[in-house]
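In our numbering, the protein residues as written are 93 to 465.
For glycine and all other residues, C-beta sits at the position ideal for the given N, C-alpha and C.
None of these values were measured; they are calculated from a predicted model.
Worksheet: one structure, shown below.
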Ligand SMILES: *Cc1c(COP(=O)(O)O)cnc(C)c1O
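Listed below in structure tokens is the structure:
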């Protein structure tokens, strides 16, 4: 990264808050269960390598990523411990998984079988994914014989088996029943394997919400992503949960230009915003290419300048946006604008843009300078 500093638009990442969140989350782990830190998508837009190293420092040695490249990046930068690739790796690239000492997810029985034709140099370390109801990836929970067969494939070293919740965040009765059914299906697979004296390896199903809502499970890992970053997927969850987390990320930009405009002037593309009276406006140096969703335009989202809220007006542009600062005194060119931080949360932004924090974070632009503290 080019280290120019607090120039135009930047994020600040608090590794101290990451450590705090880890400590909070570890309180929910039962028995020997350990945290598997999910740092896919560049640690949800934060900085995967810095996260991996910091987590190593505080005793976390289990990681999950989504792709082979994400795993290689961590290894090349010296991150230690197990790194599980949660998603697909093509047969043509599986040798890299071995060469970089990564662990591949077996997406289904056919995938496992076809790996035989790859003539890999060395055994491929894998965890088997079991589909218990999400129907995205995983071998079907009902196909116990297929799953057993995977354990016996000589070119694989099966180190674990896992599944994934699809409504662990929900507290609706029927959703809780569904998650419990997923647990039962998974549990049944594990029991059937054990009956055959198969060494099942590491067992895991919980994600962030799963760890909190189904925290009696005594498996080997909880694969925690979003909560590590100190945020909830949706705003209402922060109020509904007793879990105390500190956001790791804040985002800042600069005041580019301040001016008064008359009544009946338009602001930004499309002339979607018209002043009713004379207003003082400020242009801010951040836009949708930096990860600010364009669809928050006109939805009353605020930024903070000199500790006062200023609403975003008109369309968010690629590199800039405009805010109303009529009620804020002494707004100067070059002032720091808090986009996310203090009392403005990424949960607010997610709510106003009809999304979840997971999406917004993972789509933060690579153009934001990163200041890691
Ligand atoms: C992304 C992901 C997680 C982490 O989910 P969070 O809700 O962010 O905790 C866990 N498991 C799998 C399979 C994932 O894809």
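Anyone know if the C-beta pair for residue i and residue j falls short of 8 Å?
i: residue 127; j: residue 316; result: yes
i: residue 157; j: residue 178; result: yes
i: residue 469; j: residue 414; result: Here the chain covers residues 93 to 465 and nothing more, so residue 469 does not appear.
i: residue 350; j: residue 423; result: yes
i: residue 384; j: residue 431; result: yes
i: residue 257; j: residue 221; result: no
i: residue 101; j: residue 345; result: yes
i: residue 461; j: residue 131; result: no
i: residue 304; j: residue 333; result: yes
i: residue 426; j: residue 347; result: yes
i: residue 152; j: residue 135; result: no
i: residue 125; j: residue 306; result: no
i: residue 439; j: residue 327; result: yes
i: residue 450; j: residue 318; result: yes
i: residue 201; j: residue 242; result: yes
i: residue 51; j: residue 173; result: Nothing in the structure corresponds to residue 51, since the chain is present only between 93 and 465.
i: residue 311; j: residue 277; result: no
In or out: residue i buried (at least 16 other Cβ within 10 Å) or exposed?
i: residue 108; result: exposed
i: residue 93; result: Residue placement at residue 93 is poorly supported in this model, since its pLDDT is 49, which falls under 50; the coordinates still yield a value, given next. Residue 93 is exposed by the Cβ-count criterion.
i: residue 143; result: buried
i: residue 406; result: buried
i: residue 196; result: buried
i: residue 227; result: exposed
i: residue 369; result: exposed
i: residue 184; result: exposed
i: residue 412; result: buried
i: residue 170; result: exposed
i: residue 244; result: exposed
i: residue 63; result: Not covered by the structure: residue 63. The range shown for the chain is 93 to 465.
i: residue 139; result: buried
i: residue 291; result: exposed
i: residue 119; result: exposed
i: residue 105; result: buried
i: residue 150; result: exposed
i: residue 363; result: exposed
i: residue 103; result: buried
i: residue 298; result: buried
i: residue 269; result: exposed
i: residue 161; result: exposed
What is the DSSP secondary structure of residue i, reduced to helix, strand or coil?
i: residue 109; result: helix
i: residue 365; result: strand
i: residue 155; result: strand
i: residue 418; result: coil
i: residue 437; result: coil
i: residue 174; result: strand
i: residue 305; result: helix
i: residue 231; result: strand
i: residue 449; result: helix
i: residue 194; result: coil
i: residue 184; result: helix
i: residue 215; result: coil
i: residue 358; result: strand
i: residue 249; result: strand
i: residue 290; result: coil
i: residue 150; result: coil
i: residue 144; result: helix
i: residue 331; result: helix
i: residue 200; result: coil
i: residue 276; result: helix
i: residue 285; result: helix
i: residue 160; result: helix
i: residue 326; result: coil
i: residue 167; result: helix
i: residue 120; result: coil
i: residue 131; result: coil
i: residue 179; result: coil
i: residue 242; result: helix
Going by DSSP, what residues sit across from residue i in a beta bridge?
i: residue 254; result: 221 and 296
i: residue 413; result: 376
i: residue 345; result: 101 and 429
i: residue 313; result: 126 and 296
i: residue 351; result: 373
i: residue 385; result: DSSP output for residue 385 lists no bridge partner at all.
i: residue 400; result: 397
i: residue 462; result: 103
i: residue 405; result: 414
Are there any heavy atoms of ligand 2 lying less than 7 Å away from the beta-carbon of residue i, as far as the coordinates show?
i: residue 317; result: The ligand content of the structure shown is limited to ligand 1, which means ligand 2 is not among them.
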